[in-house]
Each structure stands twice: as C-alpha cells, then as structure tokens.
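Engineer: Here the protein sequences come in this chain order: A and B. For what it's worth, UniProt numbering labels the leading residue of the first sequence as 1, then goes sequentially. For what it's worth, UniProt numbering labels the leading residue of the second sequence as 1, then goes sequentially. Every residue, glycine too, gets a C-beta built ideally from N, C-alpha and C.
There are 2 protein chains.
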Amino acid sequence: MAAEKSWVRLVTAQTPTNIAVIKYWGKRDETLILPINDSLSVTLDPNHLCTTTTVAVSPAFHQDRMWLNGKEISLAGDRFQNCLREIRKRANDVEEEEKGIKIAKKDWENLHVHIASYNNFPTAAGLASSAAGLACLVFSLAKLMNLKEDQAQLSAIARQGSGSACRSLHGGFVKWIMGNNDDGSDSFAVQVTDEKHWDDLVILIAVVSSRQKETSSTSGMRESVETSLLLKHRAQEIVPKRMIQMEEAIKNKDFPSFARLACADSNQFHATCLDTTPPIFYMNDTSHKIISIVEKWNRAETTPQVAYTFDAGPNAVLIARDRKTASLLLRRMLFHFPPGADVDLNSYVLGDKSILQDAGIKDMEDVKSLPSPPEIKDVNSNQKYAGDVSYFICTRPGQGPIVLSDESQALLNPETGLPK
Amino acid sequence: MAAEKSWVRLVTAQTPTNIAVIKYWGKRDETLILPINDSLSVTLDPNHLCTTTTVAVSPAFHQDRMWLNGKEISLAGDRFQNCLREIRKRANDVEEEEKGIKIAKKDWENLHVHIASYNNFPTAAGLASSAAGLACLVFSLAKLMNLKEDQAQLSAIARQGSGSACRSLHGGFVKWIMGNNDDGSDSFAVQVTDEKHWDDLVILIAVVSSRQKETSSTSGMRESVETSLLLKHRAQEIVPKRMIQMEEAIKNKDFPSFARLACADSNQFHATCLDTTPPIFYMNDTSHKIISIVEKWNRAETTPQVAYTFDAGPNAVLIARDRKTASLLLRRMLFHFPPGADVDLNSYVLGDKSILQDAGIKDMEDVKSLPSPPEIKDVNSNQKYAGDVSYFICTRPGQGPIVLSDESQALLNPETGLPK
Chain A
1 MAAEKSWVRL
11 VTAQTPTNIA
21 VIKYWGKRDE
31 TLILPINDSL
41 SVTLDPNHLC
51 TTTTVAVSPA
61 FHQDRMWLNG
71 KEISLAGDRF
81 QNCLREIRKR
91 ANDVEEEEKG
101 IKIAKKDWEN
111 LHVHIASYNN
121 FPTAAGLASS
131 AAGLACLVFS
141 LAKLMNLKED
151 QAQLSAIARQ
161 GSGSACRSLH
171 GGFVKWIMGN
181 NDDGSDSFAV
191 QVTDEKHWDD
201 LVILIAVVSS
211 RQKETSSTSG
221 MRESVETSLL
231 LKHRAQEIVP
241 KRMIQMEEAI
251 KNKDFPSFAR
261 LACADSNQFH
271 ATCLDTTPPI
281 FYMNDTSHKI
291 ISIVEKWNRA
301 ETTPQVAYTF
311 DAGPNAVLIA
321 RDRKTASLLL
331 RRMLFHFPPG
341 ADVDLNSYVL
351 GDKSILQDAG
361 IKDMEDVKSL
371 PSPPEIKDVN
381 SNQKYAGDVS
391 YFICTRPGQG
401 PIVLSDESQA
411 LLNPETGLPK
Chain B
1 MAAEKSWVRL
11 VTAQTPTNIA
21 VIKYWGKRDE
31 TLILPINDSL
41 SVTLDPNHLC
51 TTTTVAVSPA
61 FHQDRMWLNG
71 KEISLAGDRF
81 QNCLREIRKR
91 ANDVEEEEKG
101 IKIAKKDWEN
111 LHVHIASYNN
121 FPTAAGLASS
131 AAGLACLVFS
141 LAKLMNLKED
151 QAQLSAIARQ
161 GSGSACRSLH
171 GGFVKWIMGN
181 NDDGSDSFAV
191 QVTDEKHWDD
201 LVILIAVVSS
211 RQKETSSTSG
221 MRESVETSLL
231 LKHRAQEIVP
241 KRMIQMEEAI
251 KNKDFPSFAR
261 LACADSNQFH
271 ATCLDTTPPI
281 FYMNDTSHKI
291 ISIVEKWNRA
301 ETTPQVAYTF
311 DAGPNAVLIA
321 RDRKTASLLL
331 RRMLFHFPPG
341 ADVDLNSYVL
351 GDKSILQDAG
361 IKDMEDVKSL
371 PSPPEIKDVN
381 SNQKYAGDVS
391 YFICTRPGQG
401 PIVLSDESQA
411 LLNPETGLPK
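Written as structure tokens, this is what we have:
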C-alpha cells in the first residue's frame, strides 16, 4: 500500500435505468436474487433518466460510506454488502503513477470506499431508480478496483443488489437469462441488440399521481411466488415462448409483434399481482384510462402505433413506433391529461422537450385547444382528467454505463473524498 | 283448445338473483351456453333482490310480447327464443275447470304468451338482473305450461338464456356442473345446501359509482377465452380443486376456508380479465379500496371476518360470518364511504335496514362521529371517500323461485293479459 495517506482515487460513472417489456416477477432464490423466468428490457437514454455515481478509495478513509442525492445513507443492507463483497473479491492491482497511487490486489480488503450517487429524476416516482443505482455502484466500483470481468459478469454482481439492475449494465435491448445453477453463476444479462439497432422508437413516460402506498416489489413478488397459482404457470409455460417471440420481434424491428407482446406481458404481470393473496394493485384508474386510450387508438389504426408497459406502480411507459407517432401520442395524452392548475408546460413535459414542437404545442393555449382524437366517437370517452398525471418524460432507447472522465463531474471532492 | 276466446291463464313467480363465489368466466359453446368450468354461487334473499314475472296465455293473444319494468321490449333475441322454444317443446295438458280453461299439449305451439317482469332493484347496477330475469321467465313459463321437469332440468333451459341464470333456480348454495356432453344435457345447476343450512351469514353489497362503460360479460368472456393464456390454466387446473374445497367449506360452515377461497377466486377471475387482449378492467379504485379495508381487517383478526367477491363490475359483495360482524363491517364501510352530499341515510342503506340499529347508527350524525377502525395505524389508510359508493344493500342467503298465488301480485291484468 502507498505509504502516504494523502491520495484519493476517484471514478465517476453514469448508468441508465431500464424498463422490462417481458417482466421479471418472482425469485427462486431470495438471497442470490435468482428469478423464476427470463426477462427482457429496453435501456432508457441516460440523458433523461440515469444515476451518476462517484466512488473513491483512500487510505485515509476509516469506513465505507455512502451518500444518495446528497444525504448520507446506511450501507449496512444486504444488497449493498453483497455487491461490495463480490467486487472486493475480484479486485486487482491498481497503479496511477502521476498521483503516486499504488494498490496491490491484497490491499483492497483493508481499504474503505466512499460512494456518492445522484439520480437525475425523482427517486420515489417508481422509475426503477434502484436498478440504475445498483448497476452504477457495481460498474463504478469495478472500474475503481480494476476488475477484469466483462459486462455480463458484472451484471451477475449487480443482480445480487437488485435483480433488474443487472439489465442496466448494457444499452439497447437486454435479456436477463434466469440460469439454472444454484450458485447463480449463469444468471446474468446480455445485450440482444444495441441502442442504434432500432432508433426509431420514442418512449413517453406518464408519471401518474397516486395517494396509495404501494407494496414494495421485493415483498410483492415474494407473496406472488408463495400464493399465486397463475404466476407459476406464467413463469414455466408462457414466458419461455414469449422470450423467443420478443427477441425475434426486436431483431426484425417488427413493431406490431413487439407491441402485442409488450402489452400482453405487462397485463399478465399485473394479473399475477391480482392473483396474489392478499391481492396487489399497482395500476390505478388513471393507468386503466391510459391503457384504454392506447388500445382504442391502436384498434382504430390498421396496425399498433404504441405499446404500453407498467412496472410495480401506476406509471405508464409508452413506446411509440416512431417520432411522428410519439408526437400524436403526446397530443392525445395532453388532451386527456392536461396539467393541473399552477403547473406550467415546461415542468409538465420533461426529457426531450423537442417533442412538444413536433406535436405543434407551444403553450397552454395550444393544450387547451387540442381537438378530440378522431378515433373517439362517444362523448363518454372524451373526458379530461387534469392533474391525474404529474408529468411526462420523453426519452428513447439509450446506451449502457459509461465512465465520466471529466473530473468536474465527480460527486466527491478529489482531495477529501467527501461530497462536493 | 277452448272454443271461447275469453280466458286468460296467468302465473306469477318470484326468482332470486345469485352471486358466484367460484366464478363462471368463459364458454365452450356460445349457442348452448356451456361453460369451461364448474361454478358455485349463493342465492340472495329475494326479499331484497329479486325478479317478479307474470306470464299469461290466452287464445286472444296474437303474438308473444314482453314488458320489463313496465316498458315493452323485444323478444326477438336468441336468449329469449331459446328458452321459449325449449319450454314449449316440453309443455303439457292444462286444465282449469273454474275458468273453463282446457289446453291440450299440442295446442301450445299455436298459443302466444305475454310476459311482464319487474326487478325490485336497479337493473343497470350490475347486480345480476339477467340471471334472476331469465330464471324467472323459465320458471314461470314452466308453471304456466305445466312442465314435469324438475328444477335441475329447468336450470338447463334457463342456462340457454343466461349462463348464471341456471343457478337462480335453487335457494341456498348452488353448483353449476359444467357437464361434458356436446348437447349440454349434463350442464345444469344443483343445490349444494339450502339457505337454512348456513343462516349466520349476512351479505352487504356496496354499489360502487362508476363513470366507465363496462365491457359486457358476454363479449368479455369471449375475448378472455380467445386471448387469455391464464384463463385456460385456471379452468382446467385450478377451478376443479377449488370446487371440491368450496363445497367442503360450505358443508362444514368453515368460514375461514370459505372466505379464503371466495376472495382468491374473485381475484383470479379479475386477473384473467386483465390477462385478456385488450385487457378488461371491472374493478376500479373504489373496489380496490374496499378490498384493502377488508384484507386489513381480516389480517388484524386471528381469523377472516368477511369475504369479498366482485362480478363483472365494480360493485363489492361482502359476506360477513355473522350479524355482529356485519354490523362492524357496516361501521367500517360508512366510516370510509359516507354518503355524498344530499344523500340521506334511509336511501343509502337498503335491504335489511335493521343492520343500522345493530351498528348503532340512527342518523348522519352517528355516521360522522364513527371512530377510525382500530386496525388502522397509519393516517394514510384513514381516508374518507364520500360519494364513491352509491348505496349499500344488506341481505342474506335466500330461497329459490316461488309461485305467488295471490293474484293481486300479478303484473298482468287477469282479464286483458296486458300490464296493469
């Protein structure tokens, strides 16, 4: 170990979040986080939704510490400890001559780390912040400790922090292979196609207002595995076939098949939640309305325009076949779900705001004068629900984790290793 | 046939509605209405929910005619025609000496009938009015035409009008055996136990306000059969086991098992609706809240107090283990769902209103001062939703169809055969 205690080694990385289109619901091993079926996700553009994490090591640190969004949090939980242990085990020699840093493989067990993490989106909004967060923790620590493992091997470590985190180790479309081994060694994520393969897709997320306290996905999936007779059938008989069909649809950029599978699989996941004792409701009336609007539009067209998928909460993730469709989708969404009083357009449509221009919407007057969508025939389906959506985020499929080499983007001070 | 054209023969009958605790969802034959699984229901007390039907025959009638709730409706639909045809086929000689009526078996094919039907509850409220209605049509026509068939055989005729109608031919707990024959001859309803066997049970129906137009159960179950992969598994693998367990629970008056099975089966039926393409949502946020309240209370007690079940709509049917429990349930319901403005208590709790006394509630002041239920610990679960329930009906398990011999209760004029 370097004799001087003055140095701090920093690595900063950025990792995307992801949304499953074939859902992960249910573990066969709670400790190792091994799933009961394969799953498949699209990685979201980190420009709009990502976690940035800086990890630091210094002989001056006396304990492992972590800060999330500026606030110190405990690292005592199993999820963090499992990841830290697995990464330390695989650490290698590190040498940075200009800083006088020299760490031998065996030194790592005595060195402590500081971790600072920041989400560029609301943590509690049900947008898979734990997936991006754990993936970023693993990816940045792996760089810090000079691991030789590839992304798939790192994904198997991230999996032990948060199941869906393993899918955030890659960009584009990503498959989490459930594996068969009891030790989890063959349960990891691989890329199906990169984000450039199908770059027509545009993703609109509706963050739905909710007063209900939701069941955590950890306890929810445990209860489903224990009590839902339908979940077992889904995992064993239905998902294996759907995985093959979904990979095929993605490789062929076959949007109608992609949309049908994504919608059916989201609905089936929520069906197994409802089949749980006691039943779990993640979607609410607003979620149902969004589905009805999309279904009605898709049926009015000759071929599906938009796919929807919902995770363990009421938020809708809407995937439009192209940018033109996305702008028509946004017009429909703003027609039915205008912002509530005192909410301005600029804070109502986030992410890639240029979609507003494509949709021909400059201000609230344009929102108010939006015509009823042509597929709506009866007055009953014409209703507006101001305030039922908190905000929209427009994004697209995006890249996997990257190291940010510009030290100005670090969340920890390079001298002290404490939050800036 | 009697030479004079002056006579009118009348029969008036009353038939209950029923609510399934093991659900019927999906037909294997659309024309004969043959189901994909057995189902089991409780018949509701006709004093609170029933259809009354008067049928009349006279040589003076020139065509078959029908009035529902005072308004003439068409009899052209397959459902009516199937029942009429099947009953006429089985008609027998009738003789009423004092009225000078003599109808030979062969005369029936040339005689026309008048039918007047009346529901003592709102037709469109999603309270199985078609089940009671078709059952009453079949039962009263069978009496008019002197059929020799027993209730099970009549139920097979009613089944061809509306599947669940077959279960309204008996009181108490009733099983609809799906049968195996292609001609439907072995698909009929039998009584499991009569209504006196388990007379502790009290049933509280919450009629839930809804702006959504619902998918009809006929088209809904067709779409589920065509698209839900989970429904097939439910019908083939899960329901057969549950039927045996449910019959056992009813025979033993084992409320905990009864409640667990009823709740799980209601939730699973709605899960298969959600697994349908496009998905069908019958329950709404209010339905979900009612489930949460009951589930929380059941968990707080050592054993289930109340079972819930929902048909193809948002209304909750709550089955309390006894009258004391029902009064505690009503207090909880009125705490969370007080009547909306301008609704008085007398039009908010219908059916057996004496439950209000048991619950210690005389007026709106008592409703306002109801304490928060003891099982509620966090403020979030303490919310009130005035107006989300339209009204409650308190009832109990009840008897099967009866003939009303008092002619003053007839809905048709005994001289003219036209509505009174």
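Quick check: is the beta carbon of A/Phe281 nearer than 7 angstroms to any beta carbon in chain B?
Structural biologist: Cβ-Cβ to chain B under 7 angstroms: yes for A/Phe281.
Engineer: When the cut-off is 7 angstroms and only beta carbons count, does A/Asp406 lie next to chain B?
Structural biologist: Output row for A/Asp406: interface = no.
Engineer: Can you list, in chain order, the residues of its chain with a C-beta nearer than 6 angstroms to that of B/Lys175? Leave out the 5 residues immediately preceding and following it.
Structural biologist: Cβ neighbours of B/Lys175 beyond the five flanking positions: Leu40, Val190, Val192.
Engineer: Roughly how many angstroms separate the alpha carbons of B/Asn380 and A/Leu274, rounded to a whole number?
Structural biologist: Distance between the alpha carbons of B/Asn380 and A/Leu274 is about 22 angstroms.
Engineer: Determine which residues of the stretch 27-43 of chain A have a Cβ less than 7 angstroms from any Cβ of chain B, and write them out in chain order.
Structural biologist: Within the stretch 27-43 of chain A, no residue qualifies.
Engineer: Kindly list the residues whose CB is nearer than 8 angstroms to the CB of B/Trp357, restricted to its own chain and excluding five residues on each side of it in sequence; keep chain order.
Structural biologist: Note that residue 357 of chain B corresponds to Gln in the displayed sequence, not to Trp. Answer for B/Gln357: no residue qualifies.
Engineer: How would you write the range of the beta strand (DSSP E) that A/Ile115 sits in, first residue to last?
Structural biologist: Where A/Ile115 is concerned, the enclosing beta strand (DSSP E) stretches over 112-119.
Engineer: Using the three-state DSSP reduction, which class does A/Asn315 fall into: helix, strand or coil?
Structural biologist: A/Asn315: coil per DSSP, three-state reduction.
Engineer: Which chain A residues sit within Cβ distance under 8 angstroms of B/Asn284?
Structural biologist: Residues of chain A passing the Cβ test: Asp285, His288.
Engineer: Leaving out five residues before and five after A/Glu214 in sequence, what residues of the same chain have Cβ atoms less than 6 angstroms from its Cβ?
Structural biologist: Closer than 6 angstroms at Cβ, skipping near neighbours: Gly313.
Engineer: Can you tell me the Cβ-Cβ gap for A/Val202 and A/Asp322, rounded? I've got them flagged as a contact below 8 angstroms.
Structural biologist: About 7 angstroms; that satisfies the 8 angstroms criterion.
Engineer: So, does the CB of A/Leu111 fall closer than 7 angstroms to a CB anywhere in chain B?
Structural biologist: It does not; no Cβ of chain B falls within 7 angstroms.
Engineer: Which value, in whole angstroms, describes the spacing of the CA atoms of B/Leu229 and B/Ala235?
Structural biologist: Between B/Leu229 and B/Ala235, the C-alpha separation is close to 11 angstroms.
Engineer: When Cβ atoms are compared, which residues of the stretch 230-245 of chain A fall closer than 8 angstroms to chain B?
Structural biologist: Residues passing the 8 angstroms Cβ filter: Leu230, His233, Arg234, Glu237, Ile238.
Engineer: Cα separation between A/Ser58 and A/Ile87?
Structural biologist: Straight-line Cα distance between these residues: approximately 17 angstroms.
Engineer: Any beta-carbon of chain A closer than 7 angstroms to the one on B/His170?
Structural biologist: Output row for B/His170: interface = no.
Engineer: Quick check: what's the CA-CA separation for A/Thr43 versus A/Phe310?
Structural biologist: About 15 angstroms.
Engineer: Return the residues of the stretch 252-264 of chain B that lie within a Cβ-Cβ distance of less than 8 angstroms from chain E, sorted by chain order.
Structural biologist: In summary, chain E is missing from the structure at hand, where the protein chains are A and B.
Engineer: Any idea if A/Arg396 is buried or exposed, counting beta-carbon neighbours within 10 angstroms, 16 or more meaning buried?
Structural biologist: A/Arg396 comes out buried.
Engineer: Got a sec? Which residues, its chain only, sit under 6 angstroms from B/Gly184 by beta carbon, not counting five neighbours each side?
Structural biologist: Excluding positions up to five away in sequence, the list reads Leu32, Leu34.
Engineer: Where does the unbroken beta strand (DSSP E) through A/Gly351 begin, and where does it stop?
Structural biologist: Looking at the DSSP string, the run of the beta strand (DSSP E) that includes A/Gly351 is 349-351.
Engineer: Compare the C-alpha of A/Gly387 against each of A/Ala307, A/His336, A/Asp366 and name the closest.
Structural biologist: Cα-wise, what sits closest to A/Gly387 is A/His336.
Engineer: With a cut-off of 8 angstroms on the beta carbons, I'd call B/Trp198 and B/Ile244 a contact; round off their distance for me.
Structural biologist: 18 angstroms between Cβ atoms; not a contact.
Engineer: B/Glu295 touches chain A at which residues, Cβ-Cβ below 7 angstroms?
Structural biologist: Near B/Glu295 (Cβ distances below 7 angstroms), the residues of chain A are Pro278.
Engineer: Report yes or no: do the stretch 272-292 of chain A and the stretch 158-171 of chain A share at least 3 C-beta pairs separated by less than 8 angstroms?
Structural biologist: Verdict: no, contact absent.
Engineer: Is DSSP giving B/Ile19 helix, strand or coil here?
Structural biologist: Strand, per DSSP.
Engineer: Sort out for me which residues DSSP pairs B/Ser164 with in a bridge.
Structural biologist: B/Ser164 pairs with nothing; no bridge assigned.
Engineer: For B/Arg65, which residues does DSSP report across the bridge?
Structural biologist: Partner(s): B/His114.
Engineer: Based on the DSSP output, what are the partners of residue 428 of chain B in its beta bridges?
Structural biologist: Any property of residue 428 of chain B remains undetermined from this structure, which presents chain B solely from 1 to 420.
Engineer: Can the beta-carbon of A/Gly398 be found closer than 7 angstroms to that of A/Gly70?
Structural biologist: The answer is no: Cβ separation not under 7 angstroms.
Engineer: Considering A/Thr325, what are the terminal residues of the alpha helix (DSSP H) in which it resides?
Structural biologist: Taken as a continuous stretch (DSSP letters only), the alpha helix (DSSP H) holding A/Thr325 covers 323-336.
Engineer: Taking 7 angstroms as the cut-off, decide whether the C-beta atoms of A/Ala410 and A/Thr51 are in contact.
Structural biologist: In this structure, A/Thr51 does not lie closer than 7 angstroms to A/Ala410 by Cβ.
Engineer: Are the C-beta atoms of B/Gln191 and some chain A residue less than 7 angstroms apart?
Structural biologist: Not closer than 7 angstroms to any Cβ of chain A, the Cβ of B/Gln191 fails to qualify, so no.
Engineer: Measuring alpha carbon to alpha carbon, tell me which of A/Gly133, A/Trp108, A/Ala20, A/Asn110 ends up nearest A/Asn119.
Structural biologist: Of A/Gly133, A/Trp108, A/Ala20, A/Asn110, the residue nearest in Cα terms is A/Gly133.
Engineer: Against A/Gln275, what residues of chain B qualify as contacts under a CB-to-CB distance less than 7 angstroms, listed in chain order?
Structural biologist: At residue 275 of chain A the sequence reads Asp, which differs from the Gln that was named. Under the 7 angstroms cutoff, chain B gives Asn267, Gln268, Ala271.
Engineer: With a Cβ-Cβ cutoff of 7 angstroms, do B/Gly26 and B/Ile36 count as a contact?
Structural biologist: Cβ distance < 7 angstroms, so B/Gly26 and B/Ile36 count as in contact.
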